[in-house]
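Chains as they are written, first to last, in the working numbering: chain A, 20 to 260; chain B, 423 to 812.
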């Protein structure tokens, strides 16, 4: 019971944090995430809720959970590493885009203009975290007698309705795609889907520029690390280890 | 000043005709295969390809960089001939411009069909991001294509205008920048340890020159534009470039293996001992370096052997570029990624699909067609001379 109360409190607090952040000008916010690997049990709820929220087709994933085995028998342990887009401060994917389709927003989120993207996939090669995937145009019901309705439902990424037309090359088919911290939810004051659905409240989200936010507090912990720090990409996703 | 006109002996030698017939037949077969590949590409889209999210580039990109490199190399060769006013090789230089254009068109075809949205290609030119090397390259391609077409047009009567001789050094510098930038496209990608090296653009330059001269030698064999003297010159250039290529590869691989930085070591070990080890040892090293090297070494001045060696070098350029593009992408960037989420395209293995092979053949067919038709259209069989000659 105490755990449930605690979970609700954290989510409510983060909800309040983002509402407070939304009152600030966009350029003064700096959205970030902290993932507590000690609390992650590898249930993949975040991965699947992300797939459902963004209507991700086969072959496109924004937030896989890496199952890492550390050590050797008898001292073996497993660690789960959810891997969203790191929303880097110095994103290697942005300068390589030849048509400015991928860009850094004033609030620090790396976005993709689906109608501008030509599908060259240079950004995919440039991401050191494999956070971008290519929407080839697959459907789950490929080869079955009937196209299911859910395959045709539009997604609302970046606050725009994107109808999915299987068999066509209408965006987002043919595009590079990635996690955007559920920007469409965020702008309505809701937490990213992965944060909301995490069964162990292992995800913390909010404005890193707000010293009173939970995420800023967590990111300042001494055991907070970022992946591939040596590359100088300055990720805004931190891991508590 | 009197300059020698360089005839294309193939025009007069009947024995050359059957070689051109074979070239025509192969070109038509490639175009037929390509037509079906195009049909698949536009009806099934990228779903019919085997590249995906973790290995986002495949055969087409490797072929594109190989062909563009060869094109730049052939073009640079022509520019050097004109700059140095080596009139005895002017016919060869015109052929070099034509094969450069053919290879360029074939490369462009590959990369165009590789785009997720091929009909948005115009954004590359009209909405260019100048922070992207690919953005710069798209403009380089426009300028380069124009230079080639104008050059071929101006020399169609077999007379090399004086200004071309005078300003070809600029074209040569452009070819260097062009081929080097192609290498920088990969060299600046910090996420891929195999690519990120100051040596990458240099390697691209050497490979471009090598594949380009190889292509010219093969073209000269088909059209008969090579005499013993030319064969000796082309052979020597190729031998030197083969040596430099080996030296650079040796330097790159051995220093990386000695340093043992896991990301780079793992990519290099994929090249040397991975499931496609034969692409490096058999195709690249065996057929692309050792065999042509031996042919050139022991057949100095031999037209047939020089042409065959050039053809082998140019053809195996694809193997060299496959070994650059794919092993770098076939590495897990984060431990556990391969099994974290499954789905089509979420794998670190790759082998081209039938559609990819067909489209690739079609692109080669297009290049072949341009060369075969261009040979007549731009009257390459006409003896070539400098406009300065009387």
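By construction, the Cβ of each residue, glycine as well, lies at the ideal position given by its N, Cα and C atoms.
Secondary structure of residue 175 of chain A (DSSP, three-state): coil. The beta carbon of residue 91 of chain A sits no closer than 7 Å to any beta carbon of chain B. Within the same chain, and ignoring the five residues on either side of residue 647 of chain B in sequence, the residues whose Cβ sits closer than 6 Å to its Cβ are 430, 513, 514, 517. The three-state secondary structure of residue 468 of chain B, taken from DSSP, is helix. Contact of residue 764 of chain B with chain A is not assigned, every C-beta pair being separated by 7 Å or more.
Pairing residue 81 of chain A with residue 198 of chain A gives a Cβ-Cβ distance under 7 Å.
The three-state secondary structure of residue 159 of chain A, taken from DSSP, is coil. Per DSSP, the unbroken beta strand (DSSP E) holding residue 85 of chain A starts and ends at 84-91. In the DSSP secondary-structure assignment, residue 259 of chain A is bridged to A:55, A:243. Residues of chain A whose Cβ lies closer than 7 Å to the Cβ of residue 543 of chain B are, in chain order, 137. Contact check between the region 623-639 of chain B and the region 693-708 of chain B: fewer than three CB pairs, one atom from each, fall below 8 Å, which does not count as touching. When B:450, B:748, B:663 are compared, the shortest CA-CA separation from residue 688 of chain B is found for B:748. Its chain contains 190 as the residues whose beta carbon lies nearer than 8 Å to that of residue 134 of chain A, once the 5 sequence neighbours on both sides are disregarded; these appear in chain order. Residue-level contact by beta carbon holds for residue 87 of chain A and chain B, with a gap shorter than 7 Å.
Counting along the chain, no beta strand (DSSP E) covers residue 593 of chain B; the unbroken alpha helix (DSSP H) around it starts and ends at 584-609.
Residue pairing from DSSP places residue 224 of chain A in a beta bridge opposite A:52.
Rounded to the nearest angstrom, the gap between the Cα atoms of residue 186 of chain A and residue 89 of chain A is 43 Å. At a cut-off of 7 Å between C-beta atoms, residue 116 of chain A counts as an interface residue with respect to chain B. Of B:459, B:490, B:766, B:741, the smallest CA-CA separation from residue 604 of chain B is found for B:490. Against chain A, the CB of residue 539 of chain B has a partner CB under 7 Å away; the residue lies at that interface. As the crow flies, the alpha-carbon of residue 776 of chain B is around 8 Å from that of residue 459 of chain B.
Annotation: Cβ neighbours of residue 119 of chain A in chain B (cutoff 7 Å, chain order): 549, 551. DSSP places residue 686 of chain B within a helical segment (H, G or I) once states are collapsed to three. Residue 688 of chain B is outside the set of residues whose beta carbon lies under 7 Å from a beta carbon in chain A. Chain A places no beta carbon closer than 7 Å to that of residue 618 of chain B, leaving this residue out of the contacts. Non-local beta-carbon contacts of residue 203 of chain A in its own chain, meaning distances under 7 Å to residues more than five positions away in sequence, involve 175, 176, 177, 178 in chain order. Annotation for residue 97 of chain A: the continuous beta strand (DSSP E) segment containing it runs 94-101. For residue 795 of chain B, the number of other beta carbons within 10 angstroms of its own is below 16, and it is reported as exposed.
When the beta-carbon positions are compared, residue 801 of chain B and residue 509 of chain B stay at least 7 Å from each other.
The beta carbon of residue 552 of chain B sits closer than 8 Å to the beta carbons of 558 from its chain, once the five residues preceding and following it are set aside; these are given in chain order. Counted as a single uninterrupted DSSP element, the stretch harbouring residue 169 of chain A is not any beta strand (DSSP E), since DSSP gives it neither H nor E. By the Cβ rule, the region 745-760 of chain B counts as touching the region 605-619 of chain B, because three or more pairs are nearer than 8 Å. Using a Cβ distance threshold of 7 Å, residue 495 of chain B and residue 631 of chain B count as a contacting pair. Shown here, residue 122 of chain A sits in a strand according to DSSP, grouped into three states. Flagged as an interface residue toward chain B: residue 157 of chain A, by a C-beta distance shorter than 7 Å. Residue 475 of chain B has a beta carbon lying within less than 7 Å of a beta carbon in chain A.
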